Amino acid sequence: MNENEEDTANGMLPLVPLSPERKPWYRDRLVQLVGLAGVLAALGAAYFMVPAQWVGRILPGHSIIDDGAVALKPGSARPTDDQVVVNGLVLFEPEGEILLTTVSIDGQVTISDWVRSVREDEVVLRTQEQVFGPRTADEQRERNLQLMAASKDSAIIAALDYLGVDAVVESGVGFNGVVPGGPVDGLIEVGELIVGLDNQLVTGLESLLVILEQVKPGDPGTLTLEHLETGQLRTQNFVYGTHPDPERSGGFIGIEDITVRSVDAELPFDIQIDSGSIGGPSAGLAFALTIIDLLTEGELTGGNRVAVTGTITGGGTVGRVGGVAQKAAAAEAEGAVLFIVPEETVEDAASTTTSLTIVGVGSLEEALEALASLGGDVDELALDVSAAN
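All residue numbers for the sequence shown refer to the numbering used here, where the first residue is 3 and numbers rise by one.
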């Protein structure tokens with residue numbers, strides 16, 4: 003009897019090794035599922051992380067996703083009341099909120115951004131040149147900070163003027179942009195003030211227009227400019243152009259979004275605006291309304307959340323801004339019930355919203371009328387300077 007026969011006789015079966023071909027059936031299926039999950043995870047990560055410009059290299063000529071593209075997306079909509087600091091006056095803290103809206107500019111355009119730009123109006127792809135012009139991103143950032151500084155000054159002037167406070171004296175004309183290809187393009191820059199033209203004093207917009215009516219396109223001209231920060235004066239020669247509006251006569255300089263620099267009057271209070279890292283001139287209207295809201299009794303917004311965008315001049319004129327579609331989406335996401343925009347941009351704002359009421363305005367007074375429609379307290383707004391402490 004051999005060894006195996008002896009084991010059988012004792013009631014024990016011999017141990018037979020498991021064949022490699024007889025693995026449990028679920029092991030292969032598990033490996034397949036894990037592999038599929040890995041592939042799906044990789045594709046998902048690629049969708050949100052892989053630059054869309056890579057597709058541009060595969061499909062050359064699609065400028066929408068070529069190198070240098072940027073994505074304009076909804077930014078933020080944040081309250082402004084904590085950004086305005088007033089010393090020497092009693093403030094009336096509101097229950098409602100005025101929201102400052104922004105656009106997010108993303109230089110890392112992903113495949114997800116590309117797809118969203120095709121399917122949704124709130125994401126738009128542009129080239130860097132379309133967004134920044136000939137400037138680098140750093141140069142554009144610096145320019146936007148300069149625009150914001152001028153915008154804050156204009157907002158304070160406009161708000162106080164509406165409240166009946168003679169707080170300033172005109173002493174020069176500023177600007178927040180230069181017409182590309184215009185007579186002074188590349189010759190003057192934001193941050194300078196026009197204080198003289200052709201040896202005549204420029205004290206404000208009216209005096210500037212009077213001088214322009216006296217010259218003709220093609221005539222030589224000389225600007226006297228004052229640097230806002232240093233106070234340094236310089237002169238700049240140029241040639242007058244033809245105004246793009248055929249109904250306007252006289253010479254054309256080619257400056258945009260005009261503001262009037264003013265010298266502060268001796269007032270017993272002080273107003274400052276802390277805009278942080280936000281740049282550009284589009285917060286002007288929001289800040290002007292916020293100042294009025296803080297300095298007057300009652301609820302200017304009727305206790306509601308109201309989003310606002312638009313430039314403003316010292317005289318209260320509201321000007322056009324960009325990215326309104328993206329700002330509208332941000333405002334709606336933050337629960338705003340009304341979005342006040344420059345009158346030319348109503349259609350853009352409405353393209354990305356479903357429940358937000360859009361109102362277009364051309365002046366500070368019209369913006370206050372829009373707030374009145376919400377139940378805002380806008381009657382007999384005034385500031386008693388003698389009550390300053």
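Even for Gly, the Cβ is constructed at its ideal location relative to N, Cα and C. On a predicted model such as this, the values are computed, not experimentally measured, just so you know.
Asp-155 is the residue among Asp-155, Val-86, Leu-101, Arg-121 whose C-alpha sits nearest the C-alpha of Pro-283.
By the neighbour-count criterion, in which a residue is buried when 16 or more other Cβ atoms sit within 10 angstroms of its Cβ, Phe-289 is buried. Pairing Leu-101 with Ala-79 gives a Cβ-Cβ distance under 8 Å. In the structure shown, Ile-360 adopts extended strand secondary structure according to DSSP, grouped into three states. Taking 3 residues as the shortest admissible run, the segment 269-310 contains the following complete beta strand (DSSP E) segments, listed from N- to C-terminal end: 272-275, 307-310. Note on geometry: alpha-carbon atoms of Gln-274 and Lys-75 lie some 30 Å from one another. If you ignore the 5 residues before and after Ser-375, its C-beta comes within less than 6 Å of no other C-beta in its own chain. When the beta-carbon positions are compared, Leu-210 and Ile-190 stay at least 8 Å from each other. Here Ile-159 carries a helix assignment [DSSP, helix/strand/coil]. Where Gln-238 is concerned, the enclosing beta strand (DSSP E) starts and stops at 235-241.
In summary, Val-361 is buried, with 16 or more beta-carbon neighbours lying within 10 Å of its beta-carbon over all protein chains present. Note: Ser-365 is bridge-paired with Thr-319 in the DSSP secondary-structure output. DSSP links Ser-106 through a beta bridge to Lys-75. In the DSSP annotation of this structure, the continuous segment of the beta strand (DSSP E) that includes Val-126 starts and ends at 126-129. Gly-206 sits close to Val-175, with the two beta carbons spaced by under 8 Å. Under the three-state reduction of DSSP output, Phe-134 falls in the helix class.
Going by C-alpha positions, Leu-385 is about 35 Å away from Ala-327. Taken in chain order, the complete alpha helix (DSSP H) segments of 4 or more residues contained in the segment 152-225 are 207-214. Here DSSP, grouped into helix, strand and coil, assigns Glu-371 to helix. Cβ contact annotation for Ala-372 (same chain, cutoff 8 Å, sequence separation greater than five): Leu-340, Ile-342, Val-361, Val-363, in chain order. Between Val-310 and the set Ala-152, Thr-112, Pro-248, Ala-331, the nearest pair of CA atoms involves Ala-331. DSSP places Thr-232 outside both helix and strand once states are collapsed to three, so it counts as coil.
Three or more Cβ pairs closer than 8 Å define a contact, and the segment 314-322 falls short of that threshold against the segment 114-130. Membership of Val-111 in any beta strand (DSSP E) is not indicated, and neither H nor E is assigned to it by DSSP. The count of Cβ pairs closer than 8 Å, one atom from the segment 299-316 and one from the segment 145-165, reaches three, so the stretches are in contact.
With contacts defined as CB atoms closer than 8 Å, Val-180 and Ile-257 qualify as a contacting pair. Short of 7 Å from the beta carbon of Pro-185, and not among the five residues preceding or following it, lie these beta carbons of its own chain, in chain order: Phe-240, Val-241, Tyr-242, Gly-243, Phe-254, Ile-255, Gly-256. For Val-326, the enclosing alpha helix (DSSP H) stretches over residues 326-335. According to the DSSP assignment, Val-88 belongs to the beta strand (DSSP E) that extends over 86-89.
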